[in-house]
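Engineer:
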């Protein structure tokens, strides 16, 4: 197990948060060569890189993870103490995605957002 992965698990445990949703999502699971592939195996479930794997085996768009609404039938997409901060959202070329960011007065903390477009098969941010 990589040192950074162990550190992440310890950090989440200290905060009292369940294991990160992508606990088995390491480079070896993302297509063999460390690059994102169209589908990734996460805890024996198959969801697209743009989807969150529900504990019951279903998949929902990553944008619906931790959005204060239950989208997985088992409610695994809204763990205790989740925030909309520190997220990586993936998209597919040719599709448009909507991101809902709540007004600062609704959030009890400061949240920074960074957008990075990888280009090539991952697309670019254009509006």
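In my numbering, the protein residues as written are 1 to 127.
Every residue gets a Cβ at the ideal spot worked out from N, C-alpha and C, and that includes glycine.
Small disclaimer: the values here were computed from a predicted structure and weren't measured.
#1: Looking only at C-alpha atoms, which of 74, 55, 57 and 61 sits nearest to residue 95?
#2: Do residue 92 and residue 50 have their C-beta atoms closer together than 7 Å?
#3: Can you tell me whether residue 77 is buried or exposed, with buried defined as 16 or more other CB within 10 angstroms of its CB?
#4: Measure the beta-carbon distance from residue 65 to residue 52 and round it to whole angstroms, keeping in mind my assumption that it falls under 8 Å.
#5: Would residue 72 and residue 85 qualify as a contact pair, given that the criterion is a beta-carbon distance under 7 Å?
#6: What does a CB cutoff of less than 7 Å around residue 74 pick up in its chain, not counting 5 residues either side in sequence?
#7: Tell me the rounded alpha-carbon separation between residue 46 and residue 58.
Structural biologist: Answer, in terms of the structure:
#1: 61
#2: Cβ atoms of residue 92 and residue 50: closer than 7 Å.
#3: buried
#4: 4 Å
#5: no
#6: 54, 55 and 56
#7: 9 Å
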